[in-house]
Amino acid sequence: MTEEDQVVRYATVHGRSVAWASVGSGPALVVGGWWSSHLGLDWKDPRFRRFVTVLAQRHQVIRYDRPGTGLSDRSGPSPSSREDEVAVLVGLVEAIGLPSLSLFGASSGSVVAAGCAAALPGRVDRIMLYGGYAHGADIASPAARAATVDVVRRHWGLGSRVLADLFMPGASAEERASFARFQRQATTPDEAAAELALVYRLDARDVLGSVAAPTLVLHRRADRAIPFALGQDLASRISGAELVALHGDEHFPWRGDSRAVTEAAARFLAGCDLRPTVASSAGRGSSRPLSARETEVLRLVATGSTDAQIAAELVLSVHTVHRHVSNIRTKLGVPSRAAAAAWAAQQDRW
Numbered sequence: 001m002t003e004e005d006q007v008v009r010y011a012t013v014h015g016r017s018v019a020w021a022s023v024g025s026g027p028a029l030v031v032g033g034w035w036s037s038h039l040g041l042d043w044k045d046p047r048f049r050r051f052v053t054v055l056a057q058r059h060q061v062i063r064y065d066r067p068g069t070g071l072s073d074r075s076g077p078s079p080s081s082r083e084d085e086v087a088v089l090v091g092l093v094e095a096i097g098l099p100s101l102s103l104f105g106a107s108s109g110s111v112v113a114a115g116c117a118a119a120l121p122g123r124v125d126r127i128m129l130y131g132g133y134a135h136g137a138d139i140a141s142p143a144a145r146a147a148t149v150d151v152v153r154r155h156w157g158l159g160s161r162v163l164a165d166l167f168m169p170g171a172s173a174e175e176r177a178s179f180a181r182f183q184r185q186a187t188t189p190d191e192a193a194a195e196l197a198l199v200y201r202l203d204a205r206d207v208l209g210s211v212a213a214p215t216l217v218l219h220r221r222a223d224r225a226i227p228f229a230l231g232q233d234l235a236s237r238i239s240g241a242e243l244v245a246l247h248g249d250e251h252f253p254w255r256g257d258s259r260a261v262t263e264a265a266a267r268f269l270a271g272c273d274l275r276p277t278v279a280s281s282a283g284r285g286s287s288r289p290l291s292a293r294e295t296e297v298l299r300l301v302a303t304g305s306t307d308a309q310i311a312a313e314l315v316l317s318v319h320t321v322h323r324h325v326s327n328i329r330t331k332l333g334v335p336s337r338a339a340a341a342a343w344a345a346q347q348d349r350w
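Counting from 1, one number per residue, gives the positions in the sequence shown under full-length UniProt numbering.
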C-alpha cells in the first residue's frame, strides 16, 4: 500500500472542519482520536502505514484528526472534555453515514471509543481498546502528571530525547528527528500540553458499565506511558471484556511487536474466540495435554514474559523455552504467542 492509497476527506462536525482518512474496504473500523495526530505525516511513517494496512485487509479503516490538530480545523481549541471528544467522534460517524461500525481506541482514544460505544449501543459491533485506561488521574501522581505536561510544553518539536523516551523508548536519532518534525506540524507546544492535560483528566468509569458490544482489551505488560494495571482495571469494568497481555514496553501499537496486536485484532474482528480450548483443536495433533513444564512456561507467557525472562525464572536455556512455546502453540492449536497467552488468561486454573 502506497501513500496515495489513503484518501483524505473533510466533514463539518459541530461547525468545524474535521479531516478523516479512509483505507481499505469492508466493514467500518473507526480509530478513535488520541492525543495528537496528523493524517498526512502519520501515513508517511512506514511502521504506522504497515500497521494500518494490516487492519485494512478486511475492513475500511477510518481515522481522523481531532479539531485543533493535524489537518483538521486548528483555528480554535481542541476538545476539552470527554463529552466533547465523544461528540466529535459520534458527529463524524453521522456525517460519514455509517450504519454500523467497530471501534479501535488506543491510549486516551480508549476513553473516547468507550464513550462512543455507550452512546451508540445499537450500531457498534465490536470494540478494541489498546494501551488504555478508565481514569486518567491514575496514570501517574499529580506531581508526575504536571511535570510531564511541562516537559511537553518546553520540548515539543525540538527533537528532545527526553520527550521521545516518554513515548518511543529506544528510538534512534533518525526516529527522534522524525518525531520532532511530526510534533511541529501536528500542533503547537501549548496546544499539545493542553491536550496532554486532558488525557490525564479523561474519565470513563461512569460509562464503561454501559458498553454492550464485545470488547477486547490489549495492553503491553511493560508499557511505560500507561501502566498495565490500568488496562486490567479497564477490562474489569466492561462486562465480558477479554484482556490480552502483550510483551513489550512501547506505547504506540505500531512500534515493537505490532504483529501481536494485529493478529489479536484480526481474530477478534473476525468473530474468533480468543480463548481456544485444547479440545477444539482435536484432529490437528493438538489434543495432547500440556506437560507440567509446559504449563509453567505458558503461565509465564501469559504474564508477558520474554523467552529470556522465562529461561531465567525456570533455570532453562532460551532455546529450550522457545521449543516449549512452540510445542504449546501446537498442542493448543493457536496461531501465535499472543493467542496462547489469551487462552491461558481465560482458564479458571490460571
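Every residue, glycine too, gets a C-beta built ideally from N, C-alpha and C.
In this text, all values refer to a predicted model and were calculated from it rather than measured experimentally.
With a 10 Å radius around the Cβ and a threshold of 16 neighbouring Cβ atoms, Leu-246 comes out buried.
The straight-line gap separating the alpha-carbon atoms of Ala-113 and Leu-129 is approximately 8 Å. Residue state for Leu-98 is assigned as coil, using DSSP reduced to three classes. As for any alpha helix (DSSP H) of minimum length 4 sitting wholly inside the segment 182 to 217, the runs are 189 to 201, ordered along the chain.
Between Leu-71 and Gly-97, the C-beta gap is not smaller than 9 Å, which leaves the two residues out of contact. The three-state secondary structure of Gln-309, taken from DSSP, is helix. Within 10 angstroms of the beta-carbon of His-324 lie 16 or more other beta-carbons, which makes it buried. Taking 4 residues as the shortest admissible run, the segment 18 to 44 contains the following complete alpha helix (DSSP H) segments, listed from N- to C-terminal end: 39 to 44.
Closest in alpha carbon position to Leu-234, among Ala-134, Asp-150, Ala-180, Val-244, is Ala-134. In this structure, the beta-carbon distance from Val-111 to Glu-85 falls below 9 Å. Here Leu-158 is exposed. Its C-beta has fewer than 16 other C-beta atoms within 10 Å. Distance between Ala-342 and Trp-34, taken at the CA atoms: about 26 Å. Where Leu-300 is concerned, the enclosing alpha helix (DSSP H) starts and stops at 292 to 301.
Boundaries around Arg-126 are those of the beta strand (DSSP E), 124 to 130, since no alpha helix (DSSP H) includes it. In the three-state DSSP reduction, Val-318 falls in the helix class (H, G or I). Ranked by Cα distance from Gly-76, the options Ala-311, Arg-176, Thr-187 are led by Thr-187. Counting C-beta pairs with one atom in each stretch, the segment 144 to 152 and the segment 194 to 208 have three or more that are closer than 8 Å, which means they touch. The Cβ atoms of Asp-223 and Asp-190 lie no closer than 9 Å to each other. Taking the Cα of Asp-206 as reference, the smallest distance to any Cα among Phe-167, Arg-82, Thr-320 is reached at Arg-82.
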